[in-house]
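The numbering of the sequence shown is the numbering used here, which starts it at 915 and goes up by one.
Glycine is no exception: its CB is placed at the ideal position from the N, C-alpha and C atoms.
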Amino acid sequence: MSTLCRQSDIYSRVCQYLAGFAVLLLCSAVHAGEVAVDPADNGIDLRQDSTLDLDSRSSETSAAAENLLEPTATREYMGPLADAVTDAEGLAEPLKILGSEVAPGTSQRLSWSATELFEGVPVSTPVLIANGSAPGPTVCLTAAVHGDELNGIEMIRRVFHDIEPRKLSGALIGVPIVNVQGFRRGSRYLPDRRDLNRYFPGNPNGSAAARIAHALINDVITHCDALIDLHTGSFERANLPQLRADLRNPDVVTLTHGFGAMVVLHSKPTVGTLRYAATRAGIPAVTVEAGGPSQLELVEVKHGVKGIESLLTRLGMTRRMRLWGDPEPVYYRSSWVRADNGGILLSDVSLGSTVRKGDLLGSITDPMSNARTELRSPYSGRIIGLARNQVVMPGFAAFHVGIETDEVSASEEEVDVVRKSVDGGYVDGMSE
Ligand SMILES: [Zn+2]
């Protein structure tokens, strides 16, 4: 709440008169009227990422968003997440989901079919359930909403492998491969080249993407008290393991506190993302970004698993796992450093590097003329995302610098950043 109240004058005034539930409702209403504006988290940059696989054109995205239904699940706000989940006593209820009933203290592997392939054959994907012996919250983990993002799949496997339902309070639901069609093709997208993560909460009568999104929300996500959506960078870019979270939402703030030593980047959810739809349905959600696509990166996987297991302990769901480390800094702002010339990009920094304003980040060399240009950091901060060494075009977003600011200055500067970045800050695929 304190985070919320310091965000702006408007919130401060509101907070003087309202508390708890009322404030959350108000904030939800404010969210509802907004178009997501976080420049580095919004996903569209036609100039640099016009790959053959590109679907997320601005017009289509906004048109799609307009056609989406509101979430059918209208959940009552149950109070701060932490209060609802700790010190639960008594026996857990069976978990009824996907036409099955999972008894307390047991785990089951179910399957979920959202749609049919073109041949008319249903496509199913596994859903892992661990229903604890004791009552508690239901936490959901989703991965591979983008089919080429593999780290989250392995994170979910490891988290479930470590869970003992008899010792669990609450339930864990995992969907390791949401976009099974994309996964099979090694593609970020669905077979019709749509980005599934721009179509939530979906529409049962819409495009294939909208139907899959609608089914996932209704069949699985409505059972969750909190959602962790697992992603990686995209298009040959990698992210330092980090949380993307809307820190204006107190329940989301509670979630981020549980992750221990993981960087937090404040970001309003992009319209159409799973994080957006879940939060609007009253289910606090965060995105974990870790590593890059098309690879299994064990360092990043272990980092994510530690964060998730730390959260489960913090929520009172598991007791044997240790809390992990001191919290990492929260970045309220971030900025992309772009290539002004085309050529061979070579980095001089690595993920997690601390940089000062003016520091050399990398260079771009024209392979024909051998002319070399340097990319320097316009801010002091930390490298939270970067492009792998590759050939780039002018305008290519190469380095993502997290900028530490206090919350007040963030809210003031945010307006300025948004004004300046009508399209300059949008980076396709760097949104979850
Ligand atoms: Zn993703």
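Which term fits residue i, buried or exposed, when burial requires 16 or more other beta carbons within 10 angstroms of its beta carbon?
i	result
residue 1286	exposed
residue 1069	buried
residue 1271	exposed
residue 1075	exposed
residue 964	In this prediction, residue 964 scores a pLDDT of 28, lower than 50, which makes its location untrustworthy; no coordinate-derived value is stated.
residue 1176	buried
residue 1213	exposed
residue 1289	buried
residue 1182	buried
residue 1282	exposed
residue 1254	exposed
residue 1264	exposed
residue 1008	exposed
residue 1139	buried
residue 1191	buried
residue 936	With a pLDDT of 35 at residue 936, under the threshold of 50, the modelled position of that residue is not reliable, and no figure is offered here.
residue 1060	buried
residue 973	Confidence is the limiting factor: at residue 973 the pLDDT is only 34, short of 50, which leaves the residue's position unreliable and the question unanswerable from this model.
residue 1080	exposed
residue 1210	exposed
residue 1163	buried
Could you spell out where the beta strand (DSSP E) holding residue i opens and where it closes?
i	result
residue 1187	Careful: residue 1187 lies outside any beta strand (DSSP E) and carries neither H nor E.
residue 1313	1311 to 1317
residue 1057	1048 to 1057
residue 1129	First-last for residue 1129: 1122 to 1133, but that is the alpha helix (DSSP H), not the beta strand (DSSP E).
residue 1040	1036 to 1045
residue 1155	1151 to 1159
residue 1094	Where residue 1094 is concerned, there is no enclosing beta strand (DSSP E), although the alpha helix (DSSP H) it sits in stretches over 1094 to 1099.
residue 1291	Counting along the chain, residue 1291 falls outside any beta strand (DSSP E), and DSSP gives it neither H nor E.
residue 1010	1009 to 1011
residue 1015	1014 to 1016
residue 1304	1304 to 1306
residue 1196	Counting along the chain, residue 1196 falls outside any beta strand (DSSP E), and DSSP gives it neither H nor E.
residue 1238	No beta strand (DSSP E) contains residue 1238, which DSSP labels as neither H nor E.
Determine, using beta carbons only, whether residue i and residue j come nearer to each other than 7 Å.
i	j	result
residue 1141	residue 1199	yes
residue 1161	residue 1245	no
residue 1109	residue 1208	no
residue 1087	residue 1126	no
residue 1201	residue 1346	yes
residue 1129	residue 1028	yes
residue 1131	residue 1118	no
residue 1187	residue 1111	yes
residue 863	residue 1133	This structure gives no information on residue 863, because the portion of the chain shown stretches from 915 to 1346.
residue 1218	residue 1146	no
residue 1123	residue 1154	no
residue 1258	residue 1279	yes
residue 1274	residue 1313	no
residue 1238	residue 1216	no
residue 1184	residue 1247	no
residue 1173	residue 1224	yes
For my contact list, residue i and residue j are in at a C-beta cut-off of 8 Å; report their separation, rounded to the angstrom.
i	j	result
residue 1308	residue 1256	5 Å
residue 1019	residue 1046	7 Å
residue 1266	residue 1296	7 Å
residue 1055	residue 1222	7 Å
residue 1269	residue 1249	With a Cβ gap of about 11 Å, residue 1269 and residue 1249 do not count as contacting.
residue 1232	residue 1082	6 Å
residue 1058	residue 1092	6 Å
Hey, quick one: how far does the alpha helix (DSSP H) through residue i stretch, first residue to last?
i	result
residue 1347	Nothing about residue 1347 can be reported from this structure: the residues present for the chain run from 915 to 1346 only.
residue 1145	Residue 1145 -> not in any alpha helix (DSSP H); beta strand (DSSP E) instead, spanning 1140 to 1145.
residue 1067	1065 to 1076
residue 1263	It is not in any alpha helix (DSSP H) - residue 1263 carries neither H nor E in the DSSP assignment.
residue 1136	That residue, residue 1136, is in no alpha helix (DSSP H); it is neither H nor E in DSSP.
residue 1172	1164 to 1172
By alpha-carbon positions, which one of the options ends up nearest to residue i?
i	options	result
residue 1315	1203, 1223, 1083 and 1300	1300
residue 1310	1260, 1080 and 1184	1260
residue 1089	1262, 1004 and 1143	1143
residue 1149	1163, 1100, 1241 and 1106	1100
residue 1035	1005, 1095, 1083 and 1279	1095
residue 1085	1171, 1057 and 1137	1137
residue 1053	1252, 1306, 1274 and 1230	1230
residue 1073	1167, 1226, 1262 and 1006	1226
residue 1005	1097, 1011, 1306 and 1017	1017
residue 1039	1010, 1317, 1097 and 1306	1097
residue 1252	1151, 1168 and 1203	1151
residue 1242	1022, 1023, 1071 and 1170	1170
Is the shortest distance between the beta-carbon of residue i and the beta-carbons of chain C less than 7 Å?
i	result
residue 1197	Any reference to chain C falls outside this structure, which holds one protein chain only.
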